[in-house]
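Residue numbers (my numbering), protein chains in the order written: chain A, 4 to 258; chain B, 4 to 258.
Contents: one structure, followed by commentary.
2 protein chains.
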Amino acid sequence: MSVGKLIGASLGPGDPDLITRRAWSALHGGARWMWPIRKKSGESYALSIALAAGLTPPDDGIPQVFPMTHDAEILSRYWLLAAQAVLQTLNSGRDVVFLVEGDASTYSTFGYLARTVRALQFDVVIDTIPGVSAYHAASARLGESLADTDDTVAIIPAAYGIDYVEAIVHQFDTLVLLKVKPLLDDLIDWLAQRDLLQHARFVEKAGSSAERVVTDVAALRGTKVNYLSLLLVRNPERQRGAVQKGCRKKNEQPA
Amino acid sequence: MSVGKLIGASLGPGDPDLITRRAWSALHGGARWMWPIRKKSGESYALSIALAAGLTPPDDGIPQVFPMTHDAEILSRYWLLAAQAVLQTLNSGRDVVFLVEGDASTYSTFGYLARTVRALQFDVVIDTIPGVSAYHAASARLGESLADTDDTVAIIPAAYGIDYVEAIVHQFDTLVLLKVKPLLDDLIDWLAQRDLLQHARFVEKAGSSAERVVTDVAALRGTKVNYLSLLLVRNPERQRGAVQKGCRKKNEQPA
């Protein structure tokens with residue numbers, strides 16, 4: 004009997020129409036569905052995307068608990084449990100499709116799960132289907148470029164704080180500040196001080212039906228925002244170094 | 004008569020199965036197709052993705068020339084021509100779907116086109132459909148995370164050179180170095196010197212049928228690579244600042 008494969012199906016940021024054709028096929032291919040939840044009997048954002056697409060999870064679909072903690076010992080215990088559940092199904096000859104919100108390689112539990120599965124059984128086939136990330140959806144919604152030609156982009160969980168953002172801002176055309184909730188007021192002060200407020204946009208639950216866009220970012224001071232929120236900041240003052248001549252020259256040849 | 008809208012349809016990095024359901028619908032919605040080419044009678048990578056999906060461009064589909072140059076005067080002349088062609092169709096009451104490779108907000112000609120259209124006619128409705136980017140496809144293909152929890156990511160056109168990469172590497176867990184072709188040997192030397200060679204992966208034409216992955220990056224020294232190539236570099240030595248306590252604490256609450 005052959006061993007099944009593990010498919011990481013990125014479902015995009017929330018709008019079921021942003022599911023790729025390949026992830027869509029994976030959901031319909033007879034693989035056993037698994038999806039992450041934060042706690043027993045909790046909601047799954049990843050599963051909610053499939054439900055919003057009008058799909059019904061197969062009867063034998065099972066949630067896997069990935070608690071929201073930074074405690075490495077607790078986390079690895081839950082990764083192990085989930086990996087064992089995955090392997091039990093794979094070793095019965097059936098594929099597993101693991102539902103992932105956003106993109107499976109980007110701030111996702113799927114990476115940890117896949118590594119744990121591999122650690123237990125090194126020759127398992129893992130097929131990761133890439134997806135649309137929240138910051139690409141946010142840029143599209145705003146109708147603004149994340150990056151134009153030669154632009155540099157930094158993607159930063161805002162928890163690193165103002166000093167970090169201040170240290171790198173000069174080198175980047177675009178800052179994507181993720182999970183800004185706990186630092187939002189400090190970030191607004193910093194943007195004002197750097198004269199970047201008018202170049203900042205706030206997007207909550209980007210790419211979902213509950214999406215909220217705020218262009219007057221200063222108006223958010225003192226308000227509560229969702230955990231799934233980000234700031235896109237364009238930095239028109241970025242000091243650009245000289246682009247390598249050879250590169251420009253070669254770039255001007257047709258591909 | 005109502006004015007049509009401009010749809011920027013991101014088709015993903017090349018594999019037609021990575022087209023989203025929404026872009027797929029847009030291709031089938033009766034809008035007039037337009038697609039970018041580098042020079043008259045040249046190939047269009049964006050169109051080739053739709054063709055690879057088995058689609059046939061409608062008879063009235065038209066290519067728009069976006070020459071590969073950094074000359075701002077030449078570029079703006081071609082953006083203007085394309086924007087005028089778009090507006091002519093929109094003002095006849097018909098939608099235009101503009102085919103875009105990768106993600107429309109990220110290193111794409113679509114941003115320039117959309118801004119030029121808006122400059123000529125400010126109230127045009129523009130609907131940007133986000134897509135899967137090449138670096139997400141590359142990460143998925145490698146089965147490696149672009150970012151794990153709290154990781155920072157820098158996306159950099161390599162043309163900025165070694166000094167730039169050296170200046171920021173300490174602040175980032177992942178570097179995405181784009182268009183590495185003209186600098187590849189210098190980058191390999193730098194990776195070796197920084198002891199990062201074993202953490203670097205090369206991907207050419209990520210997410211397309213001609214995709215090529217090279218894990219022994221040093222072996223590429225002195226060879227020719229395609230223009231559409233990137234390096235993903237993980238930096239295990241990154242000095243992490245303290246994560247804000249409040250953030251961690253709040254992050255540990257379920258969303």
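Virtual Cβ for every residue (Gly too), placed ideally from N, Cα, C.
Keep in mind it's a predicted model, so treat the numbers as computed, not measured.
Between residue i and residue j, is the Cβ-Cβ spacing less than 7 Å?
i, j, result
"Leu116(A)", "Ala12(A)", "no"
"Leu186(B)", "Phe205(B)", "no"
"Leu9(A)", "Ala26(A)", "no"
"Leu84(A)", "Val6(A)", "no"
"Met36(B)", "Gly57(B)", "Reading off the sequence, residue 36(B) comes out as Trp, not Met. It is not a contact, given that the beta carbons lie outside the stated cut-off."
"Thr274(B)", "Ile159(A)", "Outside the shown range of chain B, which is 4 to 258, sits residue 274(B), and nothing can be said about it."
"Pro66(B)", "Tyr81(B)", "no"
"Val236(A)", "Ala203(A)", "yes"
"Lys184(B)", "Ser232(B)", "yes"
"Ser111(B)", "Ser108(A)", "no"
"Ser140(A)", "Pro16(A)", "Here residue 140(A) turns out to be Ala, not Ser, going by the sequence shown. Cβ distance < 7 Å, so Ala140(A) and Pro16(A) count as in contact."
"Phe175(B)", "Ala150(B)", "no"
"Ser51(B)", "Gly114(A)", "no"
"Val2(B)", "Ala86(B)", "Outside the displayed span of chain B (4 to 258) sits residue 2(B), for which this structure offers no information."
"Ala213(A)", "Lys182(A)", "no"
When you compare only the Cα positions, how much space is there between residue i and residue j?
i, j, result
"Pro19(B)", "Ala53(B)", "7 Å"
"Val217(A)", "Tyr48(B)", "35 Å"
"Arg24(B)", "Leu21(A)", "6 Å"
"Ala221(A)", "Leu180(A)", "16 Å"
"Asp219(B)", "Arg97(B)", "51 Å"
"Glu255(A)", "Asp188(B)", "Because Glu255(A) sits at a pLDDT of 40, beneath the cut-off of 50, its placement in the model cannot be relied upon, and the following sentence gives the value as read from the coordinates. Each residue's Cα considered, the two are about 20 Å apart."
"Val100(A)", "Ala29(A)", "7 Å"
"Ser79(B)", "Leu90(B)", "16 Å"
"Glu207(A)", "Lys227(B)", "44 Å"
"Ser211(B)", "Ala75(A)", "37 Å"
"Tyr167(B)", "Arg224(B)", "21 Å"
"Tyr230(B)", "Ala209(B)", "11 Å"
"Pro61(A)", "Asp192(B)", "52 Å"
May I ask you to report which of helix, strand or coil DSSP gives residue i?
i, result
"Ala162(A)", "helix"
"Gly96(B)", "coil"
"Gly114(B)", "helix"
"Ile22(B)", "coil"
"Gln67(A)", "strand"
"Leu84(A)", "helix"
"Glu76(A)", "helix"
"Leu199(B)", "coil"
"Glu46(B)", "coil"
"Leu149(A)", "coil"
"Thr119(B)", "helix"
"Leu14(B)", "coil"
"Glu169(B)", "helix"
"Val6(B)", "coil"
"Arg241(A)", "coil"
"Arg215(B)", "strand"
"Pro61(B)", "coil"
"Ser136(A)", "coil"
DSSP beta-bridge partners for residue i?
i, result
"Leu180(A)", "Ile159(A), Leu234(A)"
"Asp130(A)", "Ile10(A)"
"Leu204(B)", "Note that residue 204(B) is Arg in the sequence shown here, rather than Leu. Its beta-bridge partners are Leu235(B)."
"Phe101(A)", "Gly11(A), Met37(A)"
"Thr109(B)", "Ala150(A)"
Is any heavy atom of the ligand GTP found at a distance shorter than 6 Å from the C-beta of residue i?
i, result
"Trp82(A)", "The model depicted lacks the ligand GTP and carries no ligand whatsoever."
Does the segment 33-46 of chain A come into contact with the segment 127-139 of chain A, if we say contact requires no fewer than three beta-carbon pairs (one atom in each stretch) closer than 8 Å?
Result no; under three Cβ-Cβ pairs closer than 8 Å.
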